[in-house]
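Numbering (my numbering), first residue to last: 1232 to 1361.
Here's what the structure looks like:
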C-alpha cells in the first residue's frame, strides 16, 4: 500500500472513529492535536473525564482476511512507546489548557472492509491512566 493510500485509510479511520464515539455519547473536543513531541488523534469528553484517543485503522478486503493472513488487529499496533508519547502530549495538553479533569488514554480500532464499504470499531478503554 502506498503512503498516500495509508494516509487515506488513517484519515477515514479517524472520521469513522469520531462518529463511533459520538454514538457512544462522547463529545469531540479536538482532532489531530500536535506538538513537537507527538500527536493525539482525538480528544473527547464524556462525563467528568477527558479521553485522549489513539485511532488505529486497517483496511481489509474481507471481514475474514485477518484470520486468513494472520494480520494483527489494529489495537495491537499501539505499543508502549506510542502510549508514552501520547501520555506526554496529553499531559502537555492538560497543563497548557489548565484542565483539571481526570483523563485517560483509549484506543479505537477500526477495520475497514473496502469491498463492502463498511467498517467495524472497537473501543479499548484505559490503555493508560493519567
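Even glycine gets a Cβ: it sits at the ideal position worked out from N, Cα and C.
According to the DSSP assignment, residue 1248 belongs to the alpha helix (DSSP H) that extends over 1234 to 1254.
Of all alpha-carbon atoms in 1322, 1308, 1276, the one lying nearest the alpha-carbon of residue 1254 is that of 1276. Taking the CA atoms as reference points, residue 1339 sits about 6 Å from residue 1353. Of 1284, 1238, 1263, the smallest CA-CA separation from residue 1257 is found for 1284. The distance from the Cβ of residue 1244 to that of residue 1343 is about 7 Å, consistent with a contact at the 8 Å cut-off.
According to DSSP, residue pairing for residue 1354 in a beta bridge involves 1339.
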